[in-house]
Structures are given as C-alpha cells and as structure tokens.
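Numbering (our numbering), first residue to last: 2 to 134.
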C-alpha cells in the first residue's frame, strides 16, 4: 500500500503511539498496519509509559497526545528528547491553542497535528519526520 522509506535497506519506520484513549491507539495501529513502510511497535497510555517504552523499543517516531493522566505529553516530550535526541515526536492532539503547540515544539516535538488530520497528511508527516536528520 505505502512506499518503502529506504528502498536500499527496506527499513520500516518504527512508530510508538502514546495516547490515553484506547480507541485512538487501536485506530492508529490499524492505520499504521495498512502501510508497508510503517511499523506499529507499541503503545503507551501516559507520558511515563511513553518514556519507558521509548527507551526499551527505540522508535523512530512517537505519536504523542498532550493531555494524558500522570506525566503529560509536554513533560514526556522534553524527557525523551533529552535522553534520545534521534527520536522524532509528532504531537497528535485535540488541543488547538498556539501556546500549547509552541510549548510542545519548544520541548522537542517536530510536528503538531490535530486529531482530525487526514490520513494522507499524518502519513506524510510521519515519513518526513523520519527522513529528517
């Protein structure tokens, strides 16, 4: 269905999903599984679990919600980016204010998308972030 990120190696883009809503996590897993070059590698229900799984699974991309119980998205973004600068974090949130978006980007996120984003735009953003160095 999708094109390969790196045709020379056949490498997939490894994606971790961090969101406190099961339906969102399941939907993103189903979406990612539909593309040959995107690999769903795990899911976290809060920022603390996202930090832990990021260390264990070493994703290329994390799709991160901002508003989660316990340690929220911005704190998790900051901690992950400090410990693993190669990980690219894309915020996927319903929060629409610029202050929150700016805070997420300043913490280290490389993108900020609304949850009503189109599949094409989400996949394009994941691929662009993974290929940025």
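Ideal placement from N, C-alpha and C gives every residue a C-beta, glycine not left out.
Nothing here was measured: the structure is a model prediction, and the numbers come from that model.
Give the DSSP bridge partners of residue 28, in chain order.
Its beta-bridge partners do not exist; DSSP assigns none.
Determine the direct distance from the alpha carbon of residue 29 to that of residue 75, and round the result to whole angstroms.
-> 20 Å
inquiry  = On the criterion of 16 or more Cβ atoms from any shown chain inside 10 Å, does residue 47 qualify as buried, or is it exposed?
reply    = buried
Check: Taking the alpha-carbon positions, what's the residue 43 to residue 17 distance?
Finding: Cα to Cα, residue 43 sits roughly 5 Å from residue 17.
Task: Cβ-based neighbour list, residue 56, same chain, cut-off 8 Å, excluding 5 preceding and 5 following - done: Contacts found: 84, 85.
Requested in this report: Entirely within the segment 48-103 and at least 4 residues each: give me those alpha helix (DSSP H) ranges in chain order.
Outcome: 48-58, 74-84
Q | Residue range of the unbroken beta strand (DSSP E) whose run includes residue 1 | A | The structure shown has nothing for residue 1, since the chain only spans 2 to 134.
request  = With distances taken Cα to Cα, identify the nearest neighbour of residue 107 among 79, 49, 40.
outcome  = Taking only the C-alpha atoms, the option nearest residue 107 is 79.
Euclidean distance between Cα positions of residue 77 and residue 92 | 11 Å
Just reading off the beta strand (DSSP E) that residue 110 is part of, what are its end residues?
Where residue 110 is concerned, there is no enclosing beta strand (DSSP E), given that its DSSP letter is neither H nor E.
Integer-rounded CB distance, given that residue 111 should sit under 8 Å from residue 32
Not really, about 19 Å apart at Cβ, beyond 8 Å.
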